[in-house]
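Worksheet for the structure shown next.
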Amino acid sequence: MKESPWSVEKLRDRRLKLLSKALKEKKFILVIDETGDKKKGKKTDYVDRQYIGNLGKIEQGIVSVNAYGIWEEAVFPLICKVYKPQKRLKPEDKYQTKIEIAREIIEELLQRQFKFEVVLADSLYGESSEFRRTLEKHNLKYVVAIRSNHGVLMPAGGRVRRNRWQEFDRVFTTGKKEKRYIREIIFGHRRGDIRYWEITTDTEKLPENSTWYIMTNLPGKIQKSVGNTYGLRTWIEYGFKQCKNELGWADYRVTDYAEIEKWWEIVLCVFLMVSLQSPSFIKLAADNCIINSPSLLSQFQQHPWWQFDQGWKHILNNFRLIIQPAIFLALILPWLSVFSFPSVYQYLSKLVALMNQFHVYVPSG
Numbered sequence: 001m002k003e004s005p006w007s008v009e010k011l012r013d014r015r016l017k018l019l020s021k022a023l024k025e026k027k028f029i030l031v032i033d034e035t036g037d038k039k040k041g042k043k044t045d046y047v048d049r050q051y052i053g054n055l056g057k058i059e060q061g062i063v064s065v066n067a068y069g070i071w072e073e074a075v076f077p078l079i080c081k082v083y084k085p086q087k088r089l090k091p092e093d094k095y096q097t098k099i100e101i102a103r104e105i106i107e108e109l110l111q112r113q114f115k116f117e118v119v120l121a122d123s124l125y126g127e128s129s130e131f132r133r134t135l136e137k138h139n140l141k142y143v144v145a146i147r148s149n150h151g152v153l154m155p156a157g158g159r160v161r162r163n164r165w166q167e168f169d170r171v172f173t174t175g176k177k178e179k180r181y182i183r184e185i186i187f188g189h190r191r192g193d194i195r196y197w198e199i200t201t202d203t204e205k206l207p208e209n210s211t212w213y214i215m216t217n218l219p220g221k222i223q224k225s226v227g228n229t230y231g232l233r234t235w236i237e238y239g240f241k242q243c244k245n246e247l248g249w250a251d252y253r254v255t256d257y258a259e260i261e262k263w264w265e266i267v268l269c270v271f272l273m274v275s276l277q278s279p280s281f282i283k284l285a286a287d288n289c290i291i292n293s294p295s296l297l298s299q300f301q302q303h304p305w306w307q308f309d310q311g312w313k314h315i316l317n318n319f320r321l322i323i324q325p326a327i328f329l330a331l332i333l334p335w336l337s338v339f340s341f342p343s344v345y346q347y348l349s350k351l352v353a354l355m356n357q358f359h360v361y362v363p364s365g
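The UniProt record's numbering puts the first residue of the sequence shown at 1, with every later residue one more than the last.
In structure tokens:
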């Protein structure tokens, strides 16, 4: 990371252009979220005592604001930008709030011609009128969380009305269903397109950890769908945590942010490469698109650790199996220069050549 001359901006640009080609102007759900990692000491740039969402408490760590996309069952990374606490700013830095960073990310994605079906965000962003104005300026639909004590201006004599609870099925990505309840909250009277909803698992107790308040400008009868739409935010939050752990998001051994940013961009590139192999992207690539011939694929699938499910972690597992021979050869090569085992090198090289016949989907022009 310290000596590599490549530009993180150019690599990010290439990654986002590949994603744009793969999407073929399809609209997707945009999720704005933040992620943090605990880091000891203060040598690492932008590490400070701050709220770490993964831990649910204030800790010494580094935080970034991230944008992800959801299209059908595929989840993919877009842009991440580090949050720079005021106390840790460098002389050349300009302080930006997380809200300002999120708005900047959305503007950049729109400039790149990405199209959003709806924007999802938690209450940090939902409570920000500046964030919502950015969405409304671009006529974007959104579903954002708000606090239970969210303030709404009402005319004199206005009252808060809570409609009757309605039951709906919260459908998870696994197909599992759970009962949820939703009701609309009306402050005085409806104004414009904005509506407020309360969602819970228990209408009597309204448990704090399973009761949510959301604001949306989605039109129509959305009682049965808006809960599932917002639920995608918590799903992707959990999903990204799993992905970043698998790919070593926080495993860098550098302290300069320019080097950390390169590490993160490499992780996002791998994240996208795996996501592009999802059935949705393969189907969108072209009718009857065949990346690997059935006969070749069947050979690889004979590996006892090959996983046949189409989930993200299963695809990553299979990729790791494919690259193992090259890694093993690289590790053992120094010893083969000390002790002569020509057959070992010959057979491992042949195995690597076989692995190189396996192709992955990469969108082209």
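C-beta: ideal position from N, C-alpha, C; glycine also.
Three-way DSSP call (helix, strand, coil) for residue i in this model
{"i": "Ala22", "result": "helix"}
{"i": "Gly220", "result": "coil"}
{"i": "Tyr51", "result": "strand"}
{"i": "Lys141", "result": "coil"}
{"i": "Ala286", "result": "coil"}
{"i": "Phe116", "result": "strand"}
{"i": "Pro207", "result": "coil"}
{"i": "Phe281", "result": "helix"}
{"i": "Phe308", "result": "coil"}
{"i": "Phe341", "result": "coil"}
{"i": "Ile291", "result": "coil"}
{"i": "Phe187", "result": "strand"}
{"i": "Pro359", "result": "Residue identity check: residue 359 is His in the sequence provided, not Pro. DSSP places His359 in coil when its eight states are reduced to three."}
{"i": "Asn149", "result": "coil"}
{"i": "Asp13", "result": "helix"}
{"i": "Tyr347", "result": "helix"}
{"i": "Tyr238", "result": "helix"}
{"i": "Ala127", "result": "Reading off the sequence shown, one finds Glu at residue 127, where the question assumed Ala. Coil at Glu127, not helix or strand."}
{"i": "Ser225", "result": "coil"}
{"i": "Lys313", "result": "helix"}
{"i": "Tyr95", "result": "coil"}
{"i": "Lys90", "result": "coil"}
{"i": "Glu246", "result": "helix"}
{"i": "Gly231", "result": "helix"}
{"i": "Trp264", "result": "helix"}
Beta-carbon gap between residue i and residue j smaller than 7 Å
{"i": "Val8", "j": "Glu265", "result": "yes"}
{"i": "Gly239", "j": "Val75", "result": "yes"}
{"i": "Glu167", "j": "Lys2", "result": "no"}
{"i": "Val119", "j": "Leu135", "result": "yes"}
{"i": "Tyr196", "j": "Met215", "result": "yes"}
{"i": "Phe28", "j": "Gly56", "result": "no"}
{"i": "Asp48", "j": "Pro91", "result": "no"}
{"i": "Lys98", "j": "Asn217", "result": "no"}
{"i": "Ser275", "j": "Glu72", "result": "no"}
{"i": "Val352", "j": "Ala330", "result": "no"}
{"i": "Phe358", "j": "Ile322", "result": "yes"}
{"i": "Arg162", "j": "Gly227", "result": "no"}
{"i": "Ser210", "j": "Thr201", "result": "yes"}
{"i": "Tyr361", "j": "Gln277", "result": "yes"}
{"i": "Phe116", "j": "Leu30", "result": "yes"}
{"i": "Lys42", "j": "Val65", "result": "no"}
{"i": "Tyr213", "j": "Ser148", "result": "yes"}
{"i": "Asn317", "j": "Gln307", "result": "yes"}
{"i": "Leu146", "j": "Gly126", "result": "A quick correction: the sequence has Ile, not Leu, at residue 146. The answer is yes: Cβ separation under 7 Å."}
{"i": "Phe187", "j": "Val144", "result": "no"}
{"i": "Asp33", "j": "Ala250", "result": "no"}
{"i": "Ile58", "j": "Ala67", "result": "no"}
{"i": "residue 369", "j": "Leu284", "result": "Outside the displayed span of the chain (1 to 365) sits residue 369, for which this structure offers no information."}
{"i": "Tyr95", "j": "Leu89", "result": "yes"}
{"i": "Pro363", "j": "Leu18", "result": "yes"}
Which residues DSSP lists as bridging residue i, in chain order
{"i": "Tyr181", "result": "Glu167, Thr200"}
{"i": "Arg195", "result": "Thr216"}
{"i": "Ala74", "result": "Trp71"}
{"i": "Cys80", "result": "Asn66"}
{"i": "Ala121", "result": "Ile32, Val144"}
Endpoints, the alpha helix (DSSP H) within which residue i is located
{"i": "Asn66", "result": "Element bounds for Asn66: not the alpha helix (DSSP H) but the beta strand (DSSP E), 57-71."}
{"i": "Tyr46", "result": "Per DSSP, Tyr46 belongs to no alpha helix (DSSP H) and is neither H nor E."}
{"i": "Ser298", "result": "294-300"}
{"i": "Arg103", "result": "98-111"}
Limits of the unbroken beta strand (DSSP E) element including residue i
{"i": "Arg253", "result": "Counting along the chain, Arg253 falls outside any beta strand (DSSP E), and DSSP gives it neither H nor E."}
{"i": "Phe28", "result": "28-38"}
{"i": "Arg161", "result": "160-162"}
Residue i classed as buried or exposed, judged by whether at least 16 other C-beta atoms fall within 10 angstroms
{"i": "Val338", "result": "exposed"}
{"i": "Asn54", "result": "buried"}
{"i": "Ala286", "result": "exposed"}
{"i": "Asp256", "result": "exposed"}
{"i": "Thr174", "result": "exposed"}
{"i": "Gly61", "result": "buried"}
{"i": "Tyr347", "result": "exposed"}
{"i": "Pro304", "result": "exposed"}
{"i": "Asp93", "result": "exposed"}
Distance cut-off 6 Å: residue i Cβ against heavy atoms of the ligand FMN
{"i": "Val47", "result": "Among the ligands in the structure shown, none appear at all, so the ligand FMN cannot be discussed."}
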